[in-house]
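Engineer: Structure in structure tokens, see below.
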Amino acid sequence: MSISNGGVATLEAPLIPERRDKLQPTSVTGHRRILLAAPRGYCAGVDRAVIAVEKALERNGAPVYVRKQIVHNIHVVRELESKGVIFVDEVAEVPEGSNIVFSAHGVSPMVVQEAEDRSLNAIDATCPLVTKVHREAVRFSGQDYHILLIGHEGHEEVEGTMGHAPEHTTLVNDPDEADRIEVPDTDNLIWLSQTTLSVDETMETVRRLRGRFPHLQDPPSDDICYATQNRQVAIKKIAPECDLVIVVGSPNSSNSVRLVEVALEYGAKASYRVDYASEIKQEWLEGVETIGVTSGASVPEILVDQTLADLADAGFTEVEEVRTAEEDLQFSLPKELRKDAEGNVDRTTLGGRNRS
Ligand code: SF4
Numbered sequence: 240m241s242i243s244n245g246g247v248a249t250l251e252a253p254l255i256p257e258r259r260d261k262l263q264p265t266s267v268t269g270h271r272r273i274l275l276a277a278p279r280g281y282c283a284g285v286d287r288a289v290i291a292v293e294k295a296l297e298r299n300g301a302p303v304y305v306r307k308q309i310v311h312n313i314h315v316v317r318e319l320e321s322k323g324v325i326f327v328d329e330v331a332e333v334p335e336g337s338n339i340v341f342s343a344h345g346v347s348p349m350v351v352q353e354a355e356d357r358s359l360n361a362i363d364a365t366c367p368l369v370t371k372v373h374r375e376a377v378r379f380s381g382q383d384y385h386i387l388l389i390g391h392e393g394h395e396e397v398e399g400t401m402g403h404a405p406e407h408t409t410l411v412n413d414p415d416e417a418d419r420i421e422v423p424d425t426d427n428l429i430w431l432s433q434t435t436l437s438v439d440e441t442m443e444t445v446r447r448l449r450g451r452f453p454h455l456q457d458p459p460s461d462d463i464c465y466a467t468q469n470r471q472v473a474i475k476k477i478a479p480e481c482d483l484v485i486v487v488g489s490p491n492s493s494n495s496v497r498l499v500e501v502a503l504e505y506g507a508k509a510s511y512r513v514d515y516a517s518e519i520k521q522e523w524l525e526g527v528e529t530i531g532v533t534s535g536a537s538v539p540e541i542l543v544d545q546t547l548a549d550l551a552d553a554g555f556t557e558v559e560e561v562r563t564a565e566e567d568l569q570f571s572l573p574k575e576l577r578k579d580a581e582g583n584v585d586r587t588t589l590g591g592r593n594r595s
């Protein structure tokens, strides 16, 4: 199968790569076990975005264009490409009049305008929790606040949020940058954040900002979303007991990368991120008795199942799930997909698929 896309990769590969050599049992004599974090994997926003693309394909046929990766997971992207989705970096690459889906990370108003200018049929799969941050940015900039947006430069979500209030926003990447940034107005200041950051690091950034700008106001509610927070809480619970934590997730998945950092910070002796189980290295398992396993919010459970199957080959057959929260948030479909051509309303709610 030949797969090509705008800005992700060009591949000749099966969807889940086979491990060439099975993992082997190690010489450790102690009790081997896996602590499986829960919640893990798909969040409601990812579920909604992926189903939005599948429904767009079902209704309109291929190709359906998607601006950027619909969610930051290479397996999901490959699967959708195999069904006829074409991923592009920019709206300008899409033929006029085509169907386009905006990713779960959201877009700036400029991108929406570009799509209109090209007469594209746009479906907005922005996660409602990202849209909430967009609305806050519009509201506070309209009230003449200057916004300190805590987030990572170049991340699509940050670009989309800044695009809603470009004249009123300063980006703060991390606690050290909080010590350096300059603002136009120290009295009317409010902070907002990307949804997928480390909770602890964000609070440290806010602490340092407030040290410099005592009038800094808090957002009305958490911007770091429930899924990011819940996955971090679960990994904090198991990390102290783990010789190794494996996080399944892609390198551009902010919340997955944060899980590796949080695992190390909370006591895991080692932690690695993998896209696929086949990337687990035999040497990581040397001397290891307890392995923690989790996955980012854009990771289908099948990739975790494959990880557990591979680790079983190495003698890790005992799996104990450690659950720290229940998740039942559900979203409805993007408004553009709620009615079909005959006017029938699709009341599907999303958030439960592949839930751990
Ligand atoms: S990680 Fe959070 S903000 Fe991002 S899609 Fe999932 S629920 Fe929405």
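Heads up: the sequence shown begins at 240 in the working numbering, then just goes up one per residue. Beta carbons: idealized from backbone N, C-alpha and C, even for Gly. All values derive from a computational prediction rather than experimental measurement.
I'd like the list of long-range same chain contacts for I477, defined as Cβ closer than 7 Å, with 5 residues on each side in sequence excluded.
Structural biologist: Closer than 7 Å at Cβ, skipping near neighbours: L274, A276, G531 and V561.
Engineer: Please determine if the stretch 299-308 and the stretch 545-562 are in contact, where contact requires at least 3 C-beta pairs separated by less than 8 Å.
Structural biologist: Segments in contact, no.
Engineer: When you compare each of V315, I519 and V289 to I362 by their alpha carbons, which one comes out closest?
Structural biologist: Closest option to I362, Cα to Cα, is V289.
Engineer: For D514, does the count of other Cβ atoms within 10 angstroms reach 16, so buried, or fall short, so exposed?
Structural biologist: With 16 or more Cβ atoms within 10 Å of its Cβ, D514 is classed as buried.
Engineer: Starting from R562 and walking both ways along the beta strand (DSSP E), at which residues does that stretch end?
Structural biologist: Residues V558 to R562.
Engineer: With a threshold of 7 Å on Cβ separation, who are the neighbours of G444 within its own chain once the five nearest residues in sequence on each side are excluded?
Structural biologist: The identity of residue 444 in the sequence shown is Thr, whereas the question assumes Gly. Cβ within range, chain order: I389, V411, D413, P414 and A417.
Engineer: Which residues in the same chain as V472 place their Cβ atom closer than 8 Å to its Cβ, once the five residues preceding and following it in sequence are excluded?
Structural biologist: Result list for V472: T563 and A564, in chain order.
Engineer: Quick check on T588: does DSSP put it in helix, strand or coil?
Structural biologist: T588: strand per DSSP, three-state reduction.
Engineer: For ligand 2, is there any heavy atom lying closer than 6 Å to the beta carbon of G284?
Structural biologist: This structure simply doesn't include ligand 2; it includes ligand 1 instead.
Engineer: May I ask you to list the residues that DSSP assigns as paired with S571?
Structural biologist: Partner(s): T588.
Engineer: Along the beta strand (DSSP E) that carries L275, what are the first and last residues, could you check?
Structural biologist: Looking at the DSSP string, the run of the beta strand (DSSP E) that includes L275 is R272 to A277.
Engineer: State the CB to CB distance for the pair K322 and D552, rounded to an integer number of angstroms; the pair is presumed to be in contact (CB under 8 Å).
Structural biologist: Not confirmed; about 31 Å, so no contact.
Engineer: Quick check on the DSSP output: the alpha helix (DSSP H) that includes T444 runs from which residue to which?
Structural biologist: From DSSP, the alpha helix (DSSP H) with T444 extends over V438 to R451.
Engineer: Using three-state DSSP, classify K322 as helix, strand or coil.
Structural biologist: Reduced to three states, the DSSP call for K322 is coil.
Engineer: Just grab the DSSP bridge partners of A217 for me.
Structural biologist: For residue 217 there is no data in the structure shown, the boundaries of the chain being 240 and 595.
Engineer: Expressed to the nearest angstrom, what Euclidean distance is found between the alpha-carbon atoms of L296 and D383?
Structural biologist: Approximately 42 Å, taken between the alpha carbons.
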